[in-house]
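Following: one structure in structure tokens, then a few remarks.
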Amino acid sequence: MNYRNIRELNNVILEKLSIIPRDFDLIVGVPRSGMLPANLLSLYLNKPYTDIHSFLNGHIYKAGARSQFFDGNGFKKVLVVDDSIASGSAMTECKETLKHLESKFDIKYCAIYIIPGKEKMVNYHFEMVPLPRYFQWNIMNHTTLEKACFDIDGVLCPDPLPEQNDDGEKYIDFILNAPPLFIPGSKIGTIVTSRLEKYRKETETWLKANNIKYNDLVMLDLPDMKARQKANNHGGHKAKAYMAKPYVLFVESEITQAIQINQITKKPVLCTANFEMIYDSESFLYNLKSGKHMPFLRKYALKVRDKLRELKK
Numbered sequence: 001m002n003y004r005n006i007r008e009l010n011n012v013i014l015e016k017l018s019i020i021p022r023d024f025d026l027i028v029g030v031p032r033s034g035m036l037p038a039n040l041l042s043l044y045l046n047k048p049y050t051d052i053h054s055f056l057n058g059h060i061y062k063a064g065a066r067s068q069f070f071d072g073n074g075f076k077k078v079l080v081v082d083d084s085i086a087s088g089s090a091m092t093e094c095k096e097t098l099k100h101l102e103s104k105f106d107i108k109y110c111a112i113y114i115i116p117g118k119e120k121m122v123n124y125h126f127e128m129v130p131l132p133r134y135f136q137w138n139i140m141n142h143t144t145l146e147k148a149c150f151d152i153d154g155v156l157c158p159d160p161l162p163e164q165n166d167d168g169e170k171y172i173d174f175i176l177n178a179p180p181l182f183i184p185g186s187k188i189g190t191i192v193t194s195r196l197e198k199y200r201k202e203t204e205t206w207l208k209a210n211n212i213k214y215n216d217l218v219m220l221d222l223p224d225m226k227a228r229q230k231a232n233n234h235g236g237h238k239a240k241a242y243m244a245k246p247y248v249l250f251v252e253s254e255i256t257q258a259i260q261i262n263q264i265t266k267k268p269v270l271c272t273a274n275f276e277m278i279y280d281s282e283s284f285l286y287n288l289k290s291g292k293h294m295p296f297l298r299k300y301a302l303k304v305r306d307k308l309r310e311l312k313k
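The C-terminal residue of the sequence shown carries number 313 in the UniProt record's numbering, and the numbering is unbroken.
Next comes the structure, spelled out in structure tokens:
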């Protein structure tokens, strides 16, 4: 699986911004996935931008007014931007839509991410990312979510506040009335939660009310919150469900649990706390010792070790 989040999108645009000539007059985004990179490019190139439909109607975006007419004599060179190319059908459709304007404008095409073999479909691309792939800005509508597991608290809805987590009436009220958070537009394979089995009815009511489609709901079969806290096996419980079927993704909110699920299953876990994809994690202690995370701590520890060795001599 190849995954790119918004931070990585921004970074690759900044790293390779020089591939885009500075003589473009207007940046045009392909709705909706192309609007984010088009906006970033317009900001960094300091050029006006708009979407395809507004462009066709002669409108651009300006501060304080969304729909302002532009002078066709002032805009001659136009860069049309989409986030990615896979089959190429969307880009082909886009070119067909703008074909009648080729005599009036010099139109070039750009995609941030392309798959191998599609280089000639655009004038500019930033990175080659093979299939299968997910992007942060479209993952909640991805057609393969039926091959994924989702946690509930922290993902589909916020975590309960301490005062709501009483394993009683306040908790039931939270389950029934929790505000939605990251709601997928596609059907989920299995929802896996550390909520107790006794709250299944209320949980199913909330899922239905928020139009969340799924195949299975796996809950924790323990008598009460005290037993759940004593077991303290949230990551293991979720990993078991993830391994039960040929799933390709788990969506988890808590970073420690996300790492644990990945360690047990050796399969990708998307953490919604930072929208980073965890592929191959080691223990937190190992990461510190190896310098993989917070390398400055490892350098400091090595200096201390060397100093102690000198004192022992």
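Ideal Cβ placement from N, Cα and C applies to all residues, glycine included.
Out of Cys149, Asn123, Tyr113 and Lys120, state which residue places its alpha-carbon closest to the alpha-carbon of Pro132. Here residue 132 corresponds to residue number 132 of the sequence shown, with the count starting at 1. For the residues Cys149, Asn123, Tyr113 and Lys120, the minimum Cα distance to Pro132 belongs to Tyr113.
What does DSSP give as the partner residues of Asn2 in its beta bridges? Translated into the one-based positions of the sequence shown, residue 2 becomes position 2. Its beta-bridge partners are Arg133.
By DSSP's criteria, Ala148 is part of a beta bridge. Which residues make up the other side? The residue given as residue 148 occupies position 148 in the sequence shown. Leu249.
Look at the alpha carbon of Leu17 and the alpha carbon of Val122, and state the distance between them as a whole number of angstroms. Taking the sequence shown and counting its residues from 1, the one referred to as residue 17 is at position 17. Taking the sequence shown and counting its residues from 1, the one referred to as residue 122 is at position 122. So the alpha carbons of these two residues sit roughly 16 angstroms apart.
Looking at Asn262: is its Cβ nearer than 9 angstroms to the Cβ of Val251? On the sequence shown, residue 262 is found 262 positions in, with the first residue counted as 1. On the sequence shown, residue 251 is found 251 positions in, with the first residue counted as 1. It is not a contact, given that the beta carbons lie outside the stated cut-off.
CA nearest to the CA of Leu196, picked from Ile152, Asn177, Ile139 and Gly185: By 1-based counting over the sequence shown, the position of residue 196 is 196. Of Ile152, Asn177, Ile139 and Gly185, the residue nearest in Cα terms is Ile152.
Per the DSSP calculation, Leu79 is bridged to which residue(s)? Here residue 79 refers to the residue found at position 79 of the sequence shown. For Leu79, which the question treats as bridged, DSSP gives the partners Ile27 and Lys108.
So, at 6 angstroms on beta carbons, what are the nonlocal neighbours of Arg4 in its own chain, with the 5 sequence-adjacent residues on each side left out? Residue numbering aside, residue 4 sits at position 4 when the sequence shown is read from its first letter. The residues are Phe135.
Closest residue to Arg32 among Gly58, Thr50 and Ile19 (Cα-Cα distance): Counting from 1 along the sequence shown, the entry for residue 32 is found at position 32. Here the closest residue by C-alpha is Thr50.
Output the distance between the C-alpha atoms of Glu15 and Phe174, rounded to the nearest integer angstrom. Here residue 15 refers to the residue found at position 15 when the sequence shown is read from its first residue. Here residue 174 refers to the residue found at position 174 when the sequence shown is read from its first residue. When rounded, the distance between both Cα atoms is 45 angstroms.
Give me the Cα-Cα distance between Ala38 and Asp23, rounded to the nearest whole angstrom. Locating residue 38 in the sequence shown gives position 38, counting from the first residue. Locating residue 23 in the sequence shown gives position 23, counting from the first residue. In this structure, the alpha-carbon of Ala38 lies about 16 angstroms from that of Asp23.
Taking Cβ to Cβ, would you say Asn210 is nearer than 9 angstroms to Ile188? To locate residue 210, count along the sequence shown from 1; it is residue 210. To locate residue 188, count along the sequence shown from 1; it is residue 188. The answer is no: Cβ separation not under 9 angstroms.
Report, in whole angstroms, the separation of the C-beta atoms of Val12 and Glu102, which I expect to be a contact under 8 angstroms. Sequence index remark: in the sequence shown, residue 12 carries index 12 (1-based). Sequence index remark: in the sequence shown, residue 102 carries index 102 (1-based). In fact, because the Cβ distance is near 29 angstroms, the residues do not count as touching under 8 angstroms.
Cβ contact (3+ pairs, closer than 8 angstroms) linking the region 139 to 149 and the region 161 to 175: By the Cβ rule, the region 139 to 149 does not count as touching the region 161 to 175, because fewer than three pairs are nearer than 8 angstroms.
By a C-beta neighbour count over all protein chains shown, 10 Å radius and 16 as the cutoff for buried, is Glu254 buried or exposed? Mapped onto the sequence shown, residue 254 falls at position 254. Answer is buried; the Cβ neighbour count reaches 16.
Between the C-alpha atoms of Lys204 and Lys238, what's the straight-line distance to the nearest angstrom? As a first step, residue 204 must be located in the sequence shown, where it is residue number 204. As a first step, residue 238 must be located in the sequence shown, where it is residue number 238. Residue identity differs from the one stated: residue 204 is Glu in this sequence, not Lys. Cα-Cα distance, rounded: 18 angstroms.
Supposed close pair Ile191, Leu217 - CB separation, criterion 8 angstroms: For this step, residue 191 is matched to residue 191 along the sequence shown. For this step, residue 217 is matched to residue 217 along the sequence shown. Sure, about 5 angstroms apart at Cβ, within 8 angstroms.
Taking the continuous alpha helix (DSSP H) assigned at Met243, which residues delimit it? Here residue 243 is taken as the residue at index 243 of the sequence shown, counted from 1. Element bounds for Met243: His234 to Ala244.
Using DSSP with H/G/I as helix, E/B as strand and the rest coil, what is Leu181? To locate residue 181, count along the sequence shown from 1; it is residue 181. Residue state, collapsed to three classes: coil.
For chain C, check one thing: does any of its Cβ atoms lie closer than 9 angstroms to the Cβ of Val251? In the structure shown, chain C does not exist; there is a single protein chain.
Candidates Met277, Ile19, Val78 and Val30: which alpha carbon is nearest Lys47's? Here residue 47 refers to the residue found at position 47 of the sequence shown. Ranking the options by Cα distance to Lys47, first place goes to Val78.
Look at residue 318 and Asp82 and say whether their C-beta atoms are less than 9 angstroms apart. This structure leaves residue 318 out entirely; the chain is present only between 1 and 313.
Assigned secondary structure, Ser103 (DSSP; H/G/I helix, E/B strand, else coil): Numbered from 1 along the sequence shown, position 103 holds the residue referred to as residue 103. It is coil, neither helix nor strand.
Could you have a look at Tyr199 and say whether DSSP puts it in helix, strand or coil? Walking along the sequence shown from the start, residue 199 turns up at place 199. Tyr199 falls in the helix class under three-state DSSP.
Answer with buried or exposed for Gln257, where buried requires no fewer than 16 other C-beta atoms within 10 angstroms of its C-beta. In the sequence shown, the residue the question calls residue 257 occupies position 257. Residue environment analysis places Gln257 among the buried positions, since at least 16 neighbouring C-beta atoms fall within 10 angstroms of its C-beta.
Who are the Cβ neighbours of Glu276 in its own chain at under 7 angstroms, not counting the five residues just before and after it? As a first step, residue 276 is located in the sequence shown; it is residue number 276 there, counting from the start. Answer for Glu276: Asn5, listed in chain order.
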